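Each remark here refers to the structure printed beneath this line.
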């Protein structure tokens with residue numbers, strides 16, 4: 002199967018006294034491990050590969066894919082949900098979220114495990130190409146962790162060594178610029194060491210490849226460029242009336258010294274490099290992305306892997322996003338706002354097939370079975386199905402646009418399923434290029450890349466003749482349409498400096514019996530730092546503003 006699914010669990014004492022749990026490849030000899038030190042562990046390719054697999058395994062902790070990672074992305078204008086589920090992070094109160102400390106600690110766990118690999122793998126006797134690839138993977142994953150940290154928390158401590166090699170456990174925050182530099186340098190190093198996805202030396206599906214490193218390098222450049230751009234305007238659809246509102250963007254704190262134009266140009270060049278490589282392409286149909294047969298294929302450049310029946314490698318994405326819960330006793334907890342649903346063209350596959358228009362809610366007794374349709378204005382289209390069942394709009398409770406992105410799993414009858422978690426799609430590379438090209442040279446040569454994404458979903462071509470500001474706004478909103486519920490929107494609002502304006506213009510969202518506040522203050526621009534870090538790191542210098 003794809004990448005490192007568990008057959009044997011082992012524990013490795015790494016230099017900073019961290020206990021590492023990971024998995025071995027199926028192709029590797031099943032060799033039992035016990036408590037080992039780096040001095041007698043990194044003996045061969047099997048050992049080195051298992052150690053790198055341990056970095057990937059960190060994604061399945063309770064600070065990342067088990068829920069917190071994708072849940073943080075629901076703090077945006079497009080997400081709506083039950084208050085019992087989104088009443089903390091989704092309502093601007095992340096400090097009350099049960100997993101808030103885990104988000105911080107699991108990012109640093111990735112960093113710690115990567116540092117241990119980088120310090121010990123060089124002595125391993127193994128094929129040089131594979132060694133370089135494993136070093137590239139460890140370096141990329143460390144860079145990814147710092148890139149995510151700086152977007153979530155701003156200035157954070159930088160650890161590039163293990164404690165055993167001399168790193169101080171108590172360290173002050175480094176500047177935002179310094180954290181970005183670490184991420185960029187790691188992405189560049191990884192890019193040189195990794196192989197293209199088409200090269201058999203790139204390893205099993207699910208591992209990061211050269212194209213992934215290049216794309217995240219472009220993404221880091223684009224984040225720095227958009228965050229530092231001064232005096233620009235962005236038009237965003239929203240507010241209580243779902244109208245178009247134009248905002249003058251803010252410069253993101255810590256980004257003031259960045260050369261916006263230079264970073265846009267770097268993002269443009271790097272994105273174009275990936276496009277011209279020919280290694281990736283869009284699926285012909287939008288819903289192909291989410292089918293089980295599409296996993297790790299073509300457009301899905303990097304996904305966090307999953308395995309049905311393995312509690313350690315499953316998510317509850319299906320449970321929280323699919324229209325009806327697995328036991329059919331109710332409905333799921335997350336859906337898109339009506340505002341966002343109405344931002345698509347009617348025949349756009351991203352809502353025509355990407356949203357559940359007919360679903361069944363069964364509370365255990367036939368008389369309580371509900372056949373629900375969405376939206377009301379399309380009652381004539383969705384009032385019956387092929388089996389003759391009759392569906393009705395129920396605006397008092399079920400007036401919700403549920404996404405179908407996470408509906409394709411091996412075991413839909415359980416709470417946890419084998420959803421692969423999307424981390425990078427080729428569609429984003431095309432939209433990154435369109436965004437950067439527009440900022441550097443204007444929109445003329447950017448249209449084809451924007452339209453490639455739209456036409457794939459049978460949306461119309463983008464309006465011709467847009468100026469730079471109009472095109473910028475259109476790409477911004479296109480990202481919202483393409484990547485809803487893929488942990489992108491909040492980051493886009495933040496990097497463009499319009500998060501507070503857009504959220505506060507929306508205010509309190511009420512749909513049926515559900516009410517969720519989108520009102521935010523300055524402190525919501527960053528997450529609160531882990532209380533464990535604050536209590537133990539005497540050099541930290543305090544929490545983020547307002548926390």
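In my numbering, the protein residues as written are 2 to 548.
Where a beta carbon is used, it is the ideal one built from N, C-alpha and C, also for glycine.
Keep in mind the model is a prediction, meaning the values are calculated, not measured.
Check	Outcome
For residue 398 and residue 62, the rounded distance between their alpha carbons	34 angstroms
Boundaries (first-last residue) of the beta strand (DSSP E) holding residue 212	Where residue 212 is concerned, there is no enclosing beta strand (DSSP E), although the alpha helix (DSSP H) it sits in stretches over 211 to 229.
Burial state of residue 356 (16 or more Cβ within 10 Å)	buried
Segment contact flag, the segment 415 to 430 with the segment 278 to 292, C-beta cutoff 8 angstroms, min 3 pairs	yes
Outcome for residue 347 when other beta-carbon atoms lying within 10 angstroms are tallied against a minimum of 16	exposed
Continuous alpha helix (DSSP H) assignments of at least 4 residues falling wholly in the segment 40 to 69	46 to 58
For residue 525, the nearest candidate out of 77, 43, 60 (CA to CA)	77
Residue 425, enclosing beta strand (DSSP E) - first and last residue	422 to 426
Buried versus exposed, by CB contacts within 10 Å (16 or more), residue 382	exposed
According to DSSP, residues forming a beta bridge with residue 371	362
Boundaries (first-last residue) of the beta strand (DSSP E) holding residue 129	Residue 129 -> not in any beta strand (DSSP E); alpha helix (DSSP H) instead, spanning 129 to 154.
Host beta strand (DSSP E) of residue 301 (start-end)	301 to 305
Inter-stretch contact (C-beta, 8 angstroms, three-pair minimum) for the segment 155 to 168 and the segment 180 to 197	yes
Option in 416, 60, 56, 387 with minimal Cα separation from residue 305	60
Cβ pair residue 245, residue 401 closer than 9 angstroms	no
Inside the segment 404 to 454 only - alpha helix (DSSP H) runs reaching at least 4 residues	427 to 442
Stretch-stretch touch, CB-based, cutoff 8 angstroms, three pairs: the segment 270 to 281 with the segment 334 to 345	no
Short Cβ contact (9 angstroms threshold) for residue 509 with residue 499	no
Cutoff 8 angstroms; reference residue 432; Cβ partners in own chain excluding five residues on either side	450, 451, 454, 476, 479, 480, 483
Minimum length 3: unbroken beta strand (DSSP E) runs contained in the segment 476 to 526	509 to 512, 515 to 518
From 300, 351, 421, 372, residue whose alpha carbon lies closest to that of residue 325	372
DSSP state of residue 238 mapped onto helix, strand, coil	strand
Alpha-carbon to alpha-carbon, residue 105 and residue 9	Confidence in residue 9 is poor, its pLDDT being 31 and thus under 50, which makes the residue's placement unreliable; the coordinate value appears in the next sentence. In a straight line, the C-alpha of residue 9 is about 28 angstroms away from that of residue 105.
Close Cβ partners of residue 148 (< 6 angstroms) along its chain, the five nearest in sequence each way excluded	184, 221
CA nearest to the CA of residue 115, picked from 46, 176, 51	51
8 angstroms contact criterion, which residue 418 and residue 316 should meet: CB distance rounded	7 angstroms
Rounded straight-line distance, which links the Cα of residue 217 to that of residue 145	8 angstroms
Residue(s) in a DSSP beta bridge with residue 337	80, 402
Whole-angstrom distance between residue 342 and residue 213, CA atom to CA atom	30 angstroms
Best match in 288, 396, 194 for proximity to residue 130 [C-alpha to C-alpha]	194
Cα-Cα separation, residue 541 to residue 224	25 angstroms
Unbroken alpha helix (DSSP H) run spanning residue 277, endpoints	261 to 278
Short Cβ contact (9 angstroms threshold) for residue 187 with residue 259	no
Alpha-carbon spacing of residue 404 relative to residue 122, whole angstroms	43 angstroms
Beta bridge counterpart(s) of residue 249 as assigned by DSSP	234
Integer-rounded CB distance, given that residue 413 should sit under 8 angstroms from residue 492	Rounded, the Cβ-Cβ distance is 30 angstroms, inconsistent with contact.
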